[in-house]
Each structure stands twice: as C-alpha cells, then as structure tokens.
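Here the structure comes first, spelled out in structure tokens, and everything after it is commentary.
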Amino acid sequence: MTSDMPARHFLPESLGSRAIKVVLVGCGGNGAQMLMGLASLDTALRAISTRSLDVTVVDDDTVSEANLGRQPFYRCDIGSSKARTLTERINLAHGLDWTALHGRAPEAVKLDGADLLITCVDTASARRSIGAALAAARNAPTYWMDLGNRAGDGQFLLGCPNREAEADHPSLPTVLEYFPEIADETLPDDDAPSCSVAEALERQSLFVNRVVASHALALLFDLLGRGSIGHAGAFINIATGQSVPIPLPIAA
3 MTSDMPARHF
13 LPESLGSRAI
23 KVVLVGCGGN
33 GAQMLMGLAS
43 LDTALRAIST
53 RSLDVTVVDD
63 DTVSEANLGR
73 QPFYRCDIGS
83 SKARTLTERI
93 NLAHGLDWTA
103 LHGRAPEAVK
113 LDGADLLITC
123 VDTASARRSI
133 GAALAAARNA
143 PTYWMDLGNR
153 AGDGQFLLGC
163 PNREAEADHP
173 SLPTVLEYFP
183 EIADETLPDD
193 DAPSCSVAEA
203 LERQSLFVNR
213 VVASHALALL
223 FDLLGRGSIG
233 HAGAFINIAT
243 GQSVPIPLPI
253 AA
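Be aware that the sequence shown starts at 3, since it is given in my numbering, and climbs by one per residue.
Take a look at the structure:
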C-alpha cells in the first residue's frame, strides 16, 4: 500500500540545536544575494529556534563597474574584494562576526567540518573541483546547495555529499549526480567577464540572481527553521514566470 502523504526530508538531529557552519563559495551575482539573505535567515533562526549561522565566505574576485546594478555593490567598492566588502558590511549591520576569505575554493577554504556548503560559481570546472574536494574530505558537509543561472532562468539544488551523516535519512543527490553532464571535461566553460553594466545586462537579466537566490533561501528557511522540506530545489524561468520544483528522491 502506498501512502498519500507527500514525501518530506527532515533536518538531522545533529543540526538541531547549535550554530550551523556554512561555507559560501562565490560572492557575485547569486552569491552576494545569498549572503545578504543568510543574514536575514540568521536573524529568523535566532528568533524561532536555538539555531544560528556561522558563515565563511570565499571569493577571489574584486568589484568591477560591470557588477554595479545587478550585484549589491556601489561605485566606491570598485577594486575591492567582493567577499570582504560585503561580509564586513553585513557584520557591521547585523552585529555578526562572519569570516571572509579572498581566494579560490576549494584551495582557500577548509570544507571539512562544515555543515552546509553553498556554491554560487560560474563554471562546470569549478563544480568538479569542489566535488573532488568533497569526495576526498574526511568529514564532508551534510548538505551541498548549488545555484546556477543563465540569462533569464536558473536553478538551485540541495544535495547530501556526506552519506554517513545521512544514514538515517534518504540521501539527496548532489548537483554532480543530478546533472552528470557537468563531469564532461570536454565541455568549454562560459565565464567571459562583462566590461560594462549594459553588457552585463545583455548577458543576464537584472533580477535573475535575486529571484533564484530568494527561492533557494526559502528552501533553507523551511529546512533549518521549520525542520523539513518537500522538494530538493527548482528550475526557475523569470521570462515565463514558471517555477518547476525538483522532487525529493523516492525512498527505496
């Protein structure tokens, strides 16, 4: 007999009543929106639970003129480290002590011991490199959330790279498992930088990052704030207004 109850994925008890260690890789289009949202999520968690967030941000890029408008930086930030600039601003505004690292993941940051890894990177090669580091880690994060987008659509997906940590829960496929084509090293990376705000807007819609990040943050709020989720991510198209959820895997 099959149950009519919708499938749910529940937060492990090990993450129930403490500060959750988050590593955010990338502080550009999606990453900067995620970082600002994580500050709001931290405030909410402290109000409704015994949980909070301890965030480390890593990015090796600096602010350019092309970033203005679509990313939450100002003209006075041009030339400054993205990770340090936004993290310092959030720490000051929210009274936090989050960490910023100006460097490239996975070399610049230790993934072992993190609870939640969030990747907001531009290329398949970056995801492969991070996936290899997770496979080699002794204590991989319980969760890996990956965000990606094109000009007017995007997706986010929450997976479980640490199979041992999820022994009592149905495991969620990671981005590398859900999209196996990412493992194809013959595919070229498309990460050419834009030189102006106008050119950047030709490559990506103004609010695509904000929309994708908002949906991803809502999923994290359900998981960390309410204890469970009913889907693992979604495909979002802002041109058509459609959002298609990525279902949880069917338990064996």
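Even glycine gets a Cβ: it sits at the ideal position worked out from N, Cα and C.
Nothing here was measured: the structure is a model prediction, and the numbers come from that model.
Contact belief for residue i with residue j at Cβ below 8 Å, rounded distance in angstroms
i, j, result
"P14", "T125", "Wrong, their Cβ atoms sit about 31 Å apart, outside the cutoff."
"L221", "G235", "7 Å"
"R10", "R53", "The pair is not a contact, with the Cβ atoms about 19 Å apart (cut-off 8 Å)."
"L149", "A215", "7 Å"
"F12", "S230", "5 Å"
"L40", "V57", "6 Å"
"A34", "L88", "6 Å"
"A110", "L103", "5 Å"
Euclidean distance between Cα positions of residue i and residue j
i, j, result
"D114", "V123", "19 Å"
"S66", "F75", "9 Å"
"T176", "M147", "8 Å"
"N141", "A116", "8 Å"
"R212", "M36", "8 Å"
"S260", "L55", "In this structure the chain extends from 3 to 254, so residue 260 is not present and cannot be described."
"S51", "D186", "42 Å"
"Y180", "T101", "30 Å"
"G30", "L43", "19 Å"
"L178", "N151", "16 Å"
"A138", "P182", "19 Å"
"I248", "P163", "17 Å"
"G243", "V210", "11 Å"
"E201", "N69", "Unreliable placement is indicated for E201, whose pLDDT of 48 sits below 50; no coordinate value is reported for it."
"S245", "L136", "29 Å"
"G97", "R48", "13 Å"
"E90", "Q73", "16 Å"
Identified DSSP bridge partners for residue i
i, result
"G150", "Q157"
"I22", "L55"
"A102", "V59"
"Y145", "L118"
"A241", "For A241, which the question treats as bridged, DSSP gives no partner whatsoever."
"S83", "T64"
"L70", "Q73"
"H11", "I231"
"P247", "A236"
"V27", "V60 and T121"
Best match in the options for proximity to residue i [C-alpha to C-alpha]
i, options, result
"A46", "H233, L178 and F223", "F223"
"V25", "A107, V177 and I50", "A107"
"T121", "V246, N239 and D61", "D61"
"I184", "F209, A134, L226 and A218", "A134"
"I238", "L43, V59 and G154", "G154"
"N32", "R140, A21, V59 and S230", "V59"
"I240", "A9, R53 and H217", "H217"
"A233", "P251, A128 and R20", "A small correction: the amino acid at residue 233 is His; Ala does not occupy that position in the sequence shown. Checked all of P251, A128 and R20; the closest Cα to H233 is P251."
"N93", "K112, M38, I132 and G30", "M38"
"S83", "G105, G97, S173 and L40", "G105"
"K23", "K112, G30, P249 and I231", "K112"
"R86", "N151, T64 and R152", "T64"
"G71", "G243, S207 and D99", "S207"
"W17", "V210, R228, G243 and Y180", "A quick correction: the sequence has Leu, not Trp, at residue 17. For the residues V210, R228, G243 and Y180, the minimum Cα distance to L17 belongs to R228."
Cβ of residue i within 8 Å of any chain B Cβ
i, result
"L119", "Here chain B cannot be found, since the structure has a single protein chain."
Give a yes or no on contact between the stretch 154-166 and the stretch 65-83, applying the rule of three or more CB pairs nearer than 8 Å. With contact defined as three or more Cβ pairs closer than 8 Å, the stretch 154-166 and the stretch 65-83 are not in contact.
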